[in-house]
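Peer 1: Quick one: the structure is below, and I'll ask about it shortly.
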DNA sequence: CAATCTAGTTGGTGGCGCAAACAATATAGT
DNA sequence: ACTATATTGTTTGCGCCACCAACTAGATTG
């Protein structure tokens, strides 16, 4: 798999297994990931955004981090973030500002235009994913949500994180 | 969501819904896709491969297409594929050859080194995804496979494709 | 205050993607 | 058969994205 729809495994040339065709969980997950990633890429492109630009704007919806924090959250080199923010700033989507606490630091914030753009792109993307889920009846969507949540929670726990930190109130 | 782990929706500040925390299907799918995509990216990087290079090699496991076919399957411009194959060829992972049927066409094939490399990367990636699925008992993995297959088959059908073309024998 | 550390930018390199222009070959039209 | 048109692949030129190494300005520590 990885990129193509290869039929799982079991090269058993006895009886052609009747119409019980199904992807292995591994194949299913891999293909689905490419599909969803592609959806996001296309929607972002409609607004002239790369995936990275979109991630940048999405992060800025909630905070006004320094360049350094951005680099950590995005998992990029500082210099990559410089260029990323340069291009977004040139388009008027974000703005750089000084930090009161540290005169070396630079704070990055969403402009109104940037906020509008990321809202539009996110809405379209969510429609796409909702449409992808459409063929399933509600009960199975719930079941899928349950299974996916279990996977993500378990993965997060392995890394010492709590996926629902805002649960028990402070 | 899009990039960060936001807790679904429902801003209802009445009673904190007890430990019934769950991601929406949309959020779950989006996060999972990023996770799996990141896994593949990391494994590919271990072998100095980009995602695109990995897709190229993965496709070549099954066929020996022309440059043009590669461009269609990868969803890239012809000129992008030229560069892609150039770099892979320089590393000895693929080889170009003439087509008997059309003297304009160029066939691309995996070398032994390329085959070994993609096999190694794919194996590691499949381990990753299998590990991701580990927290689920077998019965739920099957259920997940069933749901994902339904989604992917429905999506493929919308585009006039059959996900299992080799099903009914010719 | 000097040594050191940190935040951000700059400059260089390379992969990746597109579009436009091109040579070689195929295919159609007449 | 011969010309017009279409297709295959490459080249060139552009921009984005990512890295590293080197640098400046400002903070921190001795």
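Chains as they are written, first to last, in this note's numbering: chain A, 1 to 170; chain B, 1001 to 1170. Ideal Cβ placement from N, Cα and C applies to all residues, glycine included.
If we cut at 9 Å on Cβ distances, does residue 1064 of chain B have a partner in chain A?
Peer 2: No, residue 1064 of chain B lies away from the interface with chain A (no Cβ there is under 9 Å from its Cβ).
Peer 1: Around the C-beta of residue 99 of chain A, are 16 or more other C-beta atoms found within 10 angstroms, so that it is buried, or is it exposed?
Peer 2: With fewer than 16 other Cβ atoms within 10 Å, it is exposed.
Peer 1: Based on the DSSP output, what are the partners of residue 1023 of chain B in its beta bridges?
Peer 2: Note: residue 1023 of chain B sits in no beta bridge, so no partner.
Peer 1: Give me the chain B residues within the contact set of residue 114 of chain A, using Cβ-Cβ distance strictly less than 8 Å, ordered along the chain.
Peer 2: Residues of chain B passing the Cβ test: none, with the nearest at roughly 14 Å.
Peer 1: To which residues of the same chain is residue 1038 of chain B closer than 8 Å at the C-beta, ignoring the five residues directly before and after it?
Peer 2: Within the same chain, residue 1038 of chain B has no close Cβ partners at all.
Peer 1: Can you check whether the C-beta of residue 89 of chain A is within less than 9 Å of a C-beta belonging to chain B?
Peer 2: Taking Cβ atoms only, chain B never reaches closer than 9 Å to residue 89 of chain A, which makes this a no.
Peer 1: Helix, strand or coil, according to DSSP, for residue 187 of chain A in the structure here?
Peer 2: Within the shown structure, residues of chain A are numbered from 1 to 170, placing residue 187 of chain A beyond reach of any answer.
Peer 1: Residue 1031 of chain B touches chain A at which residues, Cβ-Cβ below 7 Å?
Peer 2: Near residue 1031 of chain B (Cβ distances below 7 Å), the residues of chain A are 152.
Peer 1: Using a cut-off of 7 Å between C-beta atoms, extract the partners of residue 36 of chain A located in chain B.
Peer 2: Ordered by position in chain B, the residues that pass the 7 Å Cβ test against residue 36 of chain A are 1029, 1030 and 1033.
Peer 1: Using the three-state DSSP reduction, which class does residue 100 of chain A fall into: helix, strand or coil?
Peer 2: Coil.
Peer 1: What are the boundary residues of the alpha helix (DSSP H) that residue 1109 of chain B is part of?
Peer 2: Unbroken run through residue 1109 of chain B is the beta strand (DSSP E), 1106 to 1110; no alpha helix (DSSP H).
Peer 1: List the DSSP bridge partners of residue 1052 of chain B.
Peer 2: According to DSSP, which records beta bridges pairwise, residue 1052 of chain B is partnered with nothing at all.
Peer 1: Residue 150 of chain A to residue 1045 of chain B, Cα distance in whole Å?
Peer 2: Their backbone Cα atoms lie some 28 Å apart in a straight line.
Peer 1: Quick test of your reading: residue 1148 of chain B and residue 152 of chain A, contact by CB under 8 Å. State the CB separation rounded to the nearest angstrom.
Peer 2: No, residue 1148 of chain B and residue 152 of chain A are not in contact; Cβ-Cβ is about 15 Å, not under 8 Å.
Peer 1: Closest Cβ-Cβ distance between residue 48 of chain A and chain B: below 9 Å?
Peer 2: Closer than 9 Å: no.
Peer 1: Straight-line CA distance for residue 224 of chain A to residue 1101 of chain B?
Peer 2: Outside the displayed span of chain A (1 to 170) sits residue 224 of chain A, for which this structure offers no information.
Peer 1: With H, G and I counted as helix, E and B as strand and the rest as coil, what does DSSP make of residue 1070 of chain B?
Peer 2: Three-state result, residue 1070 of chain B: helix.
Peer 1: To the nearest angstrom, report how far apart residue 47 of chain A and residue 121 of chain A are at their CA atoms.
Peer 2: Whole-angstrom Cα-Cα distance: 7 Å.
Peer 1: Taking the straight line between their C-alpha atoms, what separation do you get for residue 95 of chain A and residue 108 of chain A?
Peer 2: C-alpha separation (whole angstroms): 6 Å.
Peer 1: With a threshold of 9 Å between beta-carbons, can residue 1142 of chain B be considered close to chain A, or not?
Peer 2: So, interface residue.
Peer 1: Do you know whose CA, among A/113, A/129 and A/61, lies nearest residue 42 of chain A's CA?
Peer 2: Answer by Cα proximity: A/129.
Peer 1: Is the CB of residue 155 of chain A under 9 Å away from at least one CB in chain B?
Peer 2: It does: the Cβ of residue 155 of chain A has a partner Cβ on chain B nearer than 9 Å.
Peer 1: Which same chain residues end up closer than 8 Å to residue 132 of chain A when comparing Cβ atoms and leaving out the 5 residues on each side of it in sequence?
Peer 2: Excluding positions up to five away in sequence, the list reads 35, 36 and 39.
Peer 1: State buried or exposed for residue 65 of chain A, treating a residue as buried only when at least 16 other CB atoms are found within 10 Å of its CB.
Peer 2: By the neighbour-count rule (16 or more Cβ atoms within 10 Å), residue 65 of chain A is buried.
Peer 1: For residue 145 of chain A, is the classification buried or exposed, using 16 other Cβ atoms within 10 angstroms of its Cβ as the cut-off for buried?
Peer 2: Counting Cβ neighbours within 10 Å, residue 145 of chain A comes out buried, since at least 16 surround it.
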